[in-house]
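Trainee: Numbering (the working numbering) for the sequence shown: 3 to 503.
My questions will all concern the structure given below.
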Amino acid sequence: MTSFASGSLVQSVDWLTIAPPTLTAVVALVVLVADLFVPPERKQLLGWTAIGGLTAALALLVPLRAGDRETFCLTADTQLTACSYTADRFTVVIQLLVLGGALLTALLSLSETREKLPAGEYWFLLLSSAAGAALLPASRDLATLVVALEVASLPAFALVGLKRGDRMSGEAALKFFLSSVTATAVTLLGASFVYAATGTLHLTELAQRLDDVPGQLQTLAEAGVALTLVGFAFKTAAVPFHFWVPDTYVGAPLPVAAYLSVVGKAVGFTGLILVTVVAFPSYADVWGPALAVLAALTMTAGNVAALRQVSTRAWSAVRLLAWSSVAQAGYLLVPIAAAAYSSDDQIGATVAYALMYAVVNLGAFAVVALVARTHPGNRIEDYRGLYAASPAAALALGFFLLNLAGLPPGIIGLFAKVTVFSAAVDAGLGWLAVVMGLNVVIALYYYLRWTALLFRTPEGAPAAHGAPAPVTLAIALTAAAGVVLSGYPQFALRFAATALF
3 MTSFASGSLV
13 QSVDWLTIAP
23 PTLTAVVALV
33 VLVADLFVPP
43 ERKQLLGWTA
53 IGGLTAALAL
63 LVPLRAGDRE
73 TFCLTADTQL
83 TACSYTADRF
93 TVVIQLLVLG
103 GALLTALLSL
113 SETREKLPAG
123 EYWFLLLSSA
133 AGAALLPASR
143 DLATLVVALE
153 VASLPAFALV
163 GLKRGDRMSG
173 EAALKFFLSS
183 VTATAVTLLG
193 ASFVYAATGT
203 LHLTELAQRL
213 DDVPGQLQTL
223 AEAGVALTLV
233 GFAFKTAAVP
243 FHFWVPDTYV
253 GAPLPVAAYL
263 SVVGKAVGFT
273 GLILVTVVAF
283 PSYADVWGPA
293 LAVLAALTMT
303 AGNVAALRQV
313 STRAWSAVRL
323 LAWSSVAQAG
333 YLLVPIAAAA
343 YSSDDQIGAT
353 VAYALMYAVV
363 NLGAFAVVAL
373 VARTHPGNRI
383 EDYRGLYAAS
393 PAAALALGFF
403 LLNLAGLPPG
413 IIGLFAKVTV
423 FSAAVDAGLG
433 WLAVVMGLNV
443 VIALYYYLRW
453 TALLFRTPEG
463 APAAHGAPAP
473 VTLAIALTAA
483 AGVVLSGYPQ
493 FALRFAATAL
503 F
């Protein structure tokens, strides 16, 4: 723990506290420089270096598990210490999620960088984005929060458009860029309004000063809070800021789409949690109802659009997962909205759901990446009879889809949905619980339709799906994590319950 003398403006650094994102950023620079000297036939070494760096960054979370460290602090008096970086339990859990998601994405990317993508640029951009994503949950002032958000987002634009000469990839990157830049501009405008009204950027100080804003600055503070929330709603792909998602996922390389669906979403929701629960609790009567409505609209729009996907359309499998991720964003919004009506304890339900979603969605994308090797069109119809060609892949994908649907044997998916449903009921949001129940029923249809297709008789001879070892490892890791969590679902909730401020 870092301590400071009263009135000191000198900030010392606790290097262990900031080690996970720092190491990730350092490895990104090492990969970028090494790319200049490594011959083309040895470029795979860059990928393994990136994987090693992410593994080491995950290992550095172990000494931080107590969640009692902070650094970059300013002490204005003997009672108040404002810190810009805090490694509490919430930080450690989210860093585990984003760095673990980046590691699985790296495993999926090894074959892509060998065959299609420029290796040096790809690994540098992926690690840079992961470093920003790991920094964001530890950010405890608006300036650091916005910087971390952009460090996570800017490399992602380039990752989406990295398929050189591919028109869809370029269009996807442009749509993603424009929507994200708009979100950033709105967030910065909101943050500037809040700073003008309160005179501070630290989240804990904002929570105190927003309770006592002078009358002539009240409107400015309210506008700042609203604009900041709108900016983060863009980042989470909440309705009506979700239209970039399907085209971006289709145009991006499949590992990048998997990364955006999990790590990109975790970044947006983490920022939203920090600004609502930590910085703006005094405006809960404003953001609570707004997020509840956004949750209902987002889950409904995502599920209805996923339901309408035509199985013979090119890229329909990726589009279905994209719209499914929009619907899942709606479920993730529910406990945050519920926190406005009851207590911060509801945030644990969002974290638990995010852990479940990260595991099974990355697993589903891993199988999709496997099938894409023989069926580049990636239609849902291409999965007909997958069990005959690759029984293990079919069983794994079926398990992941049932988890997303919330059906056995995917107990962790059912458990996560019940947890979110309970959060809405406990907060008195009965109408939102009903909307969620209806959406779960809608989602059952398209998840079960895809699952059933895996075990139907294939048309013609089944095509063999050669799986590179890294892709097989990614599928095995996510399936094993899903099985363990399904056997002991209380672990996810207990683990997430520690992620409270």
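Glycine included, every Cβ here is placed at the ideal spot set by N, Cα and C.
Since we're looking at a predicted model, the values are computed, not measured.
The alpha helix (DSSP H) that contains I413, what's its start and end?
Mentor: Start and end: 413-428.
Trainee: Can you give me the Cβ contacts of A303 inside the same chain, cut-off strictly under 6 Å, excluding the 5 residues immediately before and after it?
Mentor: Contacts found: V241.
Trainee: I believe D143 touches S86 by the beta-carbon criterion, under 8 Å. Please report the beta-carbon distance rounded to the nearest angstrom.
Mentor: Contact holds; Cβ gap of about 5 Å.
Trainee: For L487 and P411, I'd like the C-alpha separation in whole angstroms.
Mentor: Each residue's alpha carbon lies about 11 Å from the other.
Trainee: For S263, write down the residues that DSSP places opposite it in a beta bridge.
Mentor: Answer by DSSP bridge pairing: none, since S263 is not bridged.
Trainee: Give the range of the alpha helix (DSSP H) segment to which E207 is assigned.
Mentor: Start and end: 205-211.
Trainee: For the alpha helix (DSSP H) containing T184, name the first residue and the last one.
Mentor: From DSSP, the alpha helix (DSSP H) with T184 extends over 169-200.
Trainee: So, is V427 buried or exposed, given that buried needs 16 or more other C-beta atoms within 10 angstroms?
Mentor: Classification of V427: exposed, given that the 10 Å Cβ count is below 16.
Trainee: Assuming K1 is part of the alpha helix (DSSP H), what are its boundary residues?
Mentor: Past the edges of the chain, shown from 3 to 503, lies residue 1, and the structure says nothing about it.
Trainee: Does DSSP put A84 in a helix, in a strand, or in coil?
Mentor: A84: strand per DSSP, three-state reduction.
Trainee: Is V269 near K237, with beta carbons less than 8 Å apart?
Mentor: Yes; because the gap between Cβ atoms is below 8 Å, this pair is in contact.
Trainee: Anyone know if the C-beta pair for T480 and V361 falls short of 8 Å?
Mentor: For T480 and V361, yes; Cβs fall inside 8 Å.
Trainee: I'd like the list of long-range same chain contacts for K419, defined as Cβ closer than 6 Å, with 5 residues on each side in sequence excluded.
Mentor: Answer for K419: G408, listed in chain order.
Trainee: Could you pull out every residue in the same chain whose Cβ sits closer than 7 Å to the Cβ of P257, ignoring the five residues on either side in sequence?
Mentor: Correct list, in chain order: T107, L110, S111, E114, A371.
Trainee: Can you tell me whether DSSP reads R44 as helix, strand or coil?
Mentor: If DSSP states are grouped into helix, strand and coil, R44 belongs with the helices.
Trainee: Can you tell me which of the three DSSP states F126 falls into?
Mentor: Looking at F126 - three-state DSSP - the assignment turns out to be helix.
Trainee: Is P411 a contact residue of the ligand MG, with contact defined as CB to any heavy atom under 7 Å?
Mentor: In the structure on display, the ligand MG does not appear, and there are no ligands present to speak of.
Trainee: State buried or exposed for T221, treating a residue as buried only when at least 16 other CB atoms are found within 10 Å of its CB.
Mentor: When all chains shown are included, T221 counts as exposed.
Trainee: Pick helix, strand or coil for G484, following the three-state DSSP scheme.
Mentor: Residue state, collapsed to three classes: helix.
Trainee: Suppose you measure from the CA of L34 to the CA of G273; what does that come to, to the nearest Å?
Mentor: L34 and G273: Cα-Cα distance of roughly 28 Å.
Trainee: Mind checking which residues open and close the alpha helix (DSSP H) that includes Q330?
Mentor: From DSSP, the alpha helix (DSSP H) with Q330 extends over 318-341.
Trainee: DSSP three-state call for L63: helix, strand or coil?
Mentor: DSSP places L63 in coil when its eight states are reduced to three.
Trainee: Going by the beta-carbon positions, is the gap between L156 and A132 smaller than 8 Å?
Mentor: Cβ atoms of L156 and A132: not closer than 8 Å.
Trainee: What does S141 pair with, by DSSP beta-bridge criteria?
Mentor: Answer is Y87, bridged to S141.
Trainee: Give me the Cα-Cα distance between Y261 and S327, rounded to the nearest whole angstrom.
Mentor: Answer to the nearest angstrom: the Cα atoms are 12 Å apart.
Trainee: Distance, Cα to Cα, A435 vs A329?
Mentor: The straight-line gap from Cα to Cα measures roughly 14 Å.
Trainee: Taking Y385 as part of the alpha helix (DSSP H), name the residues at either end of that continuous run.
Mentor: Element bounds for Y385: n/a, residue is neither H nor E.
Trainee: Which residues share a DSSP beta bridge with R71?
Mentor: Bridge partners of R71: A89.
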